[in-house]
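Below is one structure; the comments refer to it alone.
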Amino acid sequence: KAKAEGRPIIFVSGHFGNWELGAAAVDAQIMRSVSTHKKLNNPWFDRYLLQSRSRLGMKMVEKNGAIKHLTRALKNKQAVSIMIDQNINPRESIIVKFFGKEVTQTSAPAFLARKFNAAIIPAFLHTDDEKHYTIRFEPEIPVETTEDAQSDILKATQLQSDVMERIVREEPKFWFWCHRRWKTMHPEIYD
Numbered sequence: 000k001a002k003a004e005g006r007p008i009i010f011v012s013g014h015f016g017n018w019e020l021g022a023a024a025v026d027a028q029i030m031r032s033v034s035t036h037k038k039l040n041n042p043w044f045d046r047y048l049l050q051s052r053s054r055l056g057m058k059m060v061e062k063n064g065a066i067k068h069l070t071r072a073l074k075n076k077q078a079v080s081i082m083i084d085q086n087i088n089p090r091e092s093i094i095v096k097f098f099g100k101e102v103t104q105t106s107a108p109a110f111l112a113r114k115f116n117a118a119i120i121p122a123f124l125h126t127d128d129e130k131h132y133t134i135r136f137e138p139e140i141p142v143e144t145t146e147d148a149q150s151d152i153l154k155a156t157q158l159q160s161d162v163m164e165r166i167v168r169e170e171p172k173f174w175f176w177c178h179r180r181w182k183t184m185h186p187e188i189y190d
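No gaps in the numbering here: position 141 of the sequence shown is 140 in this note's numbering, and each next residue is one more.
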């Protein structure tokens with residue numbers, strides 16, 4: 000619907016199932032998008048991953064400084080893709096609930112959606128047999144535009160977290176949890 004209306008789209012997802020295949024499929028079959036990438040500590044693997052994604056036509060931008068690239072894409076009515084299930088530096092995040100615990104999460108999707116009237120669409124790759132895959136698009140996350148921007152962004156970010164939690168609860172075996180989701184707010188979990 001958002002694509003037909005000519006609105007920019009922000010795909011949000013998590014490290015769920017074969018997320019690399021899911022991102023490539025959305026990019027190739029639905030619409031091209033700009034995705035953020037956090038530089039990996041292993042330079043060889045970082046290069047390999049970026050080359051693999053580029054071969055599939057995906058446009059990747061480094062997380063540091065990504066906002067200008069994401070903004071440009073949305074101004075041009077293009078799509079962007081953002082992973083929402085990682086622990087984020089408190090200075091760059093907003094606090095929401097995830098599985099009943101406070102976590103830090105990027106507010107970028109809600110901020111950008113509010114600014115550019117973009118649709119936030121959660122997307123996840125599902126499989127029953129690891130041979131056949133289905134991209135599941137969840138309903139658009141509403142983003143209010145009241146005079147209280149901070150509250151609007153918090154509500155939309157919490158709704159994204161709620162969708163991610165529901166998807167993980169449905170099929171927990173497909174969630175890749177190595178990103179220490181609760182590290183900032185609950186470091187005792189990792190002792």
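We put the beta carbon where it would ideally sit given N, CA and C, even for glycine.
Let me confirm a value: residue i is counted as buried when at least 16 other C-beta atoms fall within 10 Å, else exposed. Which label applies?
i: P121; result: buried
i: A3; result: exposed
i: M163; result: buried
i: S53; result: exposed
i: D145; result: The sequence shown places Thr at residue 145, not Asp. That one is exposed.
Report the three-state DSSP secondary structure of residue i (helix, strand or coil).
i: R180; result: coil
i: P138; result: coil
i: A122; result: strand
i: A65; result: helix
i: E193; result: With the chain represented from 0 up to 190, any question about residue 193 goes unanswered, as that position is not in the structure.
i: K114; result: helix
i: A1; result: coil
i: I152; result: helix
i: I87; result: coil
i: T70; result: helix
Taking the alpha-carbon of residue i as reference, which of the options has the nearest alpha-carbon?
i: K58; options: N86, A22, I152; result: A22
i: N116; options: T105, S32, Q77, D127; result: Q77
i: V142; options: K74, D190, L153; result: L153
i: M82; options: W181, F173, I9; result: I9
i: N88; options: V79, K96, Q104, T126; result: Q104
Going along the chain, which residues of its own chain have a beta-carbon closer than 7 Å to the beta-carbon of residue i, five neighbours each way excluded?
i: E139; result: A1, A118, I119, I120
i: H38; result: With the sequence shown as reference, residue 38 is identified as Lys, and His is not the correct amino acid for it. Answer for K38: D45, E61, listed in chain order.
i: S106; result: S92, I93, I152, T156
Take residue i and list the residues in its own chain whose beta-carbon comes closer than 6 Å to its own, dropping the five residues that flank it on each side.
i: E101; result: I94, M184
So, at 8 Å on beta carbons, what are the nonlocal neighbours of residue i in its own chain, with the 5 sequence-adjacent residues on each side left out?
i: F136; result: I120, P121, A122
> Do the segment 31-43 and the segment 171-186 touch if we need at least three Cβ pairs shorter than 8 Å?
Replying inline: no
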